[in-house]
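These notes concern the structure reproduced below.
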Amino acid sequence: MFLTYFADTVNGMDRNYRPFIMPVTWLSFIASLQVTSVKDLGDTEKILSVKEATENLITEADDLFSENKYKELYELLYPYKESNDVEILWRLSRALHHMSKQQCHNEEKKRYVFEGYDLIVKALQLNDSHYAVHKWYAIFLDTRAAYDGIKARVTQLPNVKNHLLQAVELNPKDATTLYILGYWCYNISSMPWYQRKIASAIFATPPTSSFEEALVYFCKAEEVDPNFYRKGRRWFCSRASLSTSTGTALLYSGP
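For the sequence shown, the numbering used here assigns the number 361 to the initial residue and increments by one for each residue that follows.
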């Protein structure tokens, strides 16, 4: 159930390596967009310039993420958090998630989580057809619920899985989402008795899974991205004690 632990481990691989760094002039141009609407610009050329400037902003943000510069990424995108640009909103949420995993005081960590949650909720309201929005909404559902106790966290379990499934449906080639789904299944299968008791009290039919289902998603992650997170894959397969031929092949293949 502890998706936050896994997201901290795996999503560091969810990077887009792009060589272009946006010049400062683009930042100045985009800043001007806060007071000038596209409608006011009045012609196609300037509208295209707005689109290009936004794309360049996203490129720089992704470059910062690939360099693990989450604070700098947050500061870059923060001026545009009131925008309705989903690409900016989910990246801000992702940055806040990683910032919450770095060394910081508990209150600061909580502030990052709550702000990231609010931003990803807004992104979902704006666009429920974006895989990254569903992916990060699932992660923040679990992270946010953790502050309300184990009962709240257990309550969100089906919602977490549903949004992960929607993310996979929208982008079946994202290995990290597939792996998180495997992790969800693994944790449901190995849920301690007291959490199962809470789940039984909350749901008429508590969420269920199996180690075999977990392995299915781990294998799918491997299919779309060979040798994806090999160390974590071996650990989960070993912990699940999967003895099928598929599990054995996955566990021991490669160096």
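Just so you know, even glycine gets a beta-carbon here, dropped at the ideal spot from N, CA and C.
What are the boundary residues of the alpha helix (DSSP H) that includes residue i?
i: residue 529; result: 517-530
i: residue 500; result: 491-505
i: residue 487; result: Per DSSP, residue 487 belongs to no alpha helix (DSSP H) and is neither H nor E.
i: residue 577; result: 571-584
i: residue 568; result: Careful: residue 568 lies outside any alpha helix (DSSP H) and carries neither H nor E.
i: residue 431; result: 430-437
i: residue 539; result: 535-549
i: residue 441; result: From DSSP, residue 441 is part of no alpha helix (DSSP H); its letter is neither H nor E.
Say the cut is 7 Å; is the CB of residue i nearer than that to a heavy atom of the ligand NAP?
i: residue 538; result: The ligand NAP is absent from the structure shown, which contains no ligands of any kind.
Answer with buried or exposed for residue i, where buried requires no fewer than 16 other C-beta atoms within 10 angstroms of its C-beta.
i: residue 509; result: exposed
i: residue 568; result: exposed
i: residue 353; result: This structure leaves residue 353 out entirely; the chain is present only between 361 and 615.
i: residue 460; result: buried
i: residue 330; result: In the structure as shown, the chain begins at 361 and stops at 615. Residue 330 is therefore absent and cannot be evaluated.
i: residue 462; result: exposed
i: residue 398; result: Any reading at residue 398 must be qualified, since the residue scores a pLDDT of 49, below 50, and its modelled position is unreliable; the value itself is stated next. So residue 398 counts as exposed.
i: residue 382; result: With a pLDDT of 36 at residue 382, under the threshold of 50, the modelled position of that residue is not reliable, and no figure is offered here.
i: residue 553; result: exposed
i: residue 616; result: This structure leaves residue 616 out entirely; the chain is present only between 361 and 615.
i: residue 431; result: exposed
i: residue 425; result: buried
i: residue 571; result: buried
i: residue 565; result: exposed
i: residue 503; result: buried
i: residue 526; result: buried
i: residue 521; result: buried
i: residue 563; result: exposed
i: residue 561; result: exposed
i: residue 477; result: buried
i: residue 415; result: exposed
Taking residue i as the reference, which of the options has the closest Cα?
i: residue 559; options: 516, 438, 432; result: 516
i: residue 529; options: 513, 549, 491; result: 491
i: residue 469; options: 427, 437, 500; result: 500
i: residue 435; options: 539, 453, 572; result: 453
i: residue 481; options: 445, 423, 437; result: 445
i: residue 440; options: 556, 489, 417, 539; result: 417
i: residue 588; options: 503, 495, 421, 534; result: 534
i: residue 494; options: 583, 547, 523; result: 523
i: residue 551; options: 514, 540, 478, 497; result: 514
i: residue 537; options: 557, 549, 497; result: 497
i: residue 518; options: 415, 548, 532; result: 548
i: residue 580; options: 472, 540, 555; result: 540
i: residue 413; options: 543, 448, 427; result: 448
i: residue 442; options: 483, 422, 586, 557; result: 483
i: residue 577; options: 557, 555, 472, 546; result: 546
i: residue 474; options: 488, 485, 456, 489; result: 456
i: residue 532; options: 471, 410, 584; result: 584
i: residue 467; options: 486, 507, 410, 556; result: 507
Discussion item. Give the list of continuous beta strand (DSSP E) stretches no shorter than 3 residues that lie fully inside the segment 444-475.
Written reply: DSSP runs (the beta strand (DSSP E)) wholly in the segment 444-475: none.
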